[in-house]
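Working notes, structure below.
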Amino acid sequence: MLKLIRKPLFNPAGDIDVQNRRLVGGNTTNLNDFNNVKYGWTSDWYRQAMNNFWIPEEINLAIDIKDYRLLPEAERRAYDKILSFLIFLDSIQTANLPNISQYITANEVNLCLSIQTFQEAVHSQSYSYMLDTICEPQERNQVLYQWKEDEHLLARNEFIGTLYNDFQRENSMEMLVRTLIANYILEGVYFYSGFMFFYNLARHNRMPGSVQEIRYINRDENTHLWLFSNILLEMTKEYPALFTPDKLDIYRGMIREGCEQEIKWGHYVIGNEVEGLNMDMVTDYIRYLGNLRCRAIGLAPIYEGYDTEPANMSWVSQYANANTIKTDFFEARSTAYAKSSALVDDL
Numbered sequence: 035m036l037k038l039i040r041k042p043l044f045n046p047a048g049d050i051d052v053q054n055r056r057l058v059g060g061n062t063t064n065l066n067d068f069n070n071v072k073y074g075w076t077s078d079w080y081r082q083a084m085n086n087f088w089i090p091e092e093i094n095l096a097i098d099i100k101d102y103r104l105l106p107e108a109e110r111r112a113y114d115k116i117l118s119f120l121i122f123l124d125s126i127q128t129a130n131l132p133n134i135s136q137y138i139t140a141n142e143v144n145l146c147l148s149i150q151t152f153q154e155a156v157h158s159q160s161y162s163y164m165l166d167t168i169c170e171p172q173e174r175n176q177v178l179y180q181w182k183e184d185e186h187l188l189a190r191n192e193f194i195g196t197l198y199n200d201f202q203r204e205n206s207m208e209m210l211v212r213t214l215i216a217n218y219i220l221e222g223v224y225f226y227s228g229f230m231f232f233y234n235l236a237r238h239n240r241m242p243g244s245v246q247e248i249r250y251i252n253r254d255e256n257t258h259l260w261l262f263s264n265i266l267l268e269m270t271k272e273y274p275a276l277f278t279p280d281k282l283d284i285y286r287g288m289i290r291e292g293c294e295q296e297i298k299w300g301h302y303v304i305g306n307e308v309e310g311l312n313m314d315m316v317t318d319y320i321r322y323l324g325n326l327r328c329r330a331i332g333l334a335p336i337y338e339g340y341d342t343e344p345a346n347m348s349w350v351s352q353y354a355n356a357n358t359i360k361t362d363f364f365e366a367r368s369t370a371y372a373k374s375s376a377l378v379d380d381l
């Protein structure tokens with residue numbers, strides 16, 4: 035088993051030769067030198083992430099206050115449970131990313147992870163703003179801590195939370211890769227499945243402020259997904275022993291398990307009672323996402339016959355289109371995105 039060593043914070047004997055830099059296991063000085071990078075893709079990522087800056091409170095939730103009380107029972111139940119799950123995901127990401135960073139020895143990658151950590155905190159703030167605005171205090175706490183009482187939601191949280199805890203107990207290179215895969219599942223399957231529900235609300239002209247919050251979050255998460263896919267691809271090049279066929283089967287199995295749990299969760303929380311969605315649509319979309327995520331990091335697809343976005347789910351990527359989102363801080367409305375060209379969206 036390859037040994038994983040935490041990098042020292044102060045390292046005057048660190049290697050300043052860019053060609054000797056490694057994603058993990060390098061001899062870094064921890065100096066943030068923006069002009070000398072080994073992983074060139076981080077420069078575009080960094081600029082894009084900086085240009086994505088936004089403030090949750092800029093979005094007007096006045097209509098949502100009224101809409102929330104008028105949502106059909108099944109839709110409001112789904113809103114509460116999916117929002118509760120998203121709150122957990124962003125919260126645990128905020129806490130876990132520094133655990134990964136302490137082993138990354140490429141300063142340019144650590145800079146990206148630092149921005150992601152900040153953005154995950156902003157997402158948590160966004161959910162809090164949504165709850166504080168549309169819910170009474172007691173309702174807010176019920177949504178926030180539903181995972182303590184809902185066994186289905188607790189099971190979802192335990193799957194990803196246990197994988198993260200395993201990395202704290204066993205600091206090995208293989209466990210690091212598993213943690214990276216767990217992050218990839220969270221960013222590329224769990225979040226996108228949750229976003230799907232909110233975009234369905236938009237199709238029926240409900241909760242427009244909540245939908246806009248989600249669209250900003252989705253734009254950030256698209257960059258996070260791109261970041262982790264690139265980290266995994268670099269790890270494949272630098273440590274091929276961690277990506278042998280038997281280990282690839284393990285990582286692929288993790289993604290399959292994540293998808294199967296997400297399908298089960300979607301059936302429970304959405305079912306066949308939410309207007310515009312049903313269990314078959316949820317299943318098809320999650321299987322498509324699973325295949326998409328596998329191919330992006332060089333794994334074989336999980337599900338046969340799910341190679342393109344389901345035709346009846348094409349509206350998801352339309353709402354998530356990063357090129358149509360831009361913040362106007364003074365007018366609090368969506369305008370044409372003009373600050374920078376968006377990263378290619380692989381939804």
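Under this note's numbering, the first residue of the sequence shown is numbered 35, with each subsequent residue one higher. Every residue, glycine too, gets a C-beta built ideally from N, C-alpha and C. Small disclaimer: the values here were computed from a predicted structure and weren't measured.
CB of residue i within 9 Å of CB of residue j, strictly
i	j	result
V58	T151	no
Q202	N133	yes
M347	Y302	no
Y224	F68	no
Y218	I149	no
K37	Q136	no
I168	D124	no
K115	V211	no
R237	W349	yes
L311	M269	no
M164	S244	yes
V308	A96	no
Y102	R110	yes
Option nearest residue i by Cα separation, candidates the options
i	options	result
L267	E221, I215, E204, I331	I331
L105	Y80, Y224, L235, E91	L235
E296	L220, N306, E307, H238	L220
Y273	E204, L117, E208, L333	E208
Q159	L131, P90, L311	P90
A155	F122, A275, E183, K100	F122
W299	E107, A189, T128	A189
M241	R56, E107, I39, Y113	Y113
F44	R55, E92, T63, N54	T63
D5	I336, Y102, I194	The chain is shown from 35 up to 381; residue 5 falls before or after that span and cannot be answered.
Q127	E255, Q352, M84, H238	E255
I39	G339, R56, E338	R56
T257	N85, I50, P46, G48	N85
G228	D166, G243, N252, T196	N252
L197	S351, N306, N130, C146	N130
N61	G339, N141, T317	N141
M315	R329, E343, H186	E343
V143	K100, D49, A47, K72	K72
I265	L145, P279, E170	L145
H157	Q172, L117, L187, H186	L117
L276	S206, N239, C328, G339	S206
T317	C328, E294, N191	E294
Y226	S351, C328, Q153, E170	S351
E170	G339, H186, K100	K100
G222	K182, R329, D200	R329
For residue i, the first and last residue of its enclosing alpha helix (DSSP H)
i	result
T270	242-272
A236	225-237
Q172	171-178
L145	141-168
N191	185-203
F122	107-135
P279	279-303
M209	207-219
T76	75-85
G324	313-330
W181	Per DSSP, W181 belongs to no alpha helix (DSSP H) and is neither H nor E.
D101	96-104
W349	348-354
Cβ separation of residue i and residue j, assumed to be a contact under 8 Å, to the nearest whole Å
i	j	result
A216	R286	Not a contact, Cβ separation roughly 13 Å.
N70	V52	5 Å
Y233	A354	7 Å
I304	F193	That pair is no contact at about 19 Å.
D166	R174	6 Å
Three or more C-beta pairs under 8 Å: does that hold for the segment 259-274 against the segment 71-86? yes
Counting Cβ pairs closer than 8 Å, one from the segment 175-183 and one from the segment 242-249, do we hit at least three? no
Would you call the segment 277-292 in contact with the segment 315-329, where contact means no fewer than 3 C-beta pairs closer than 8 Å? yes
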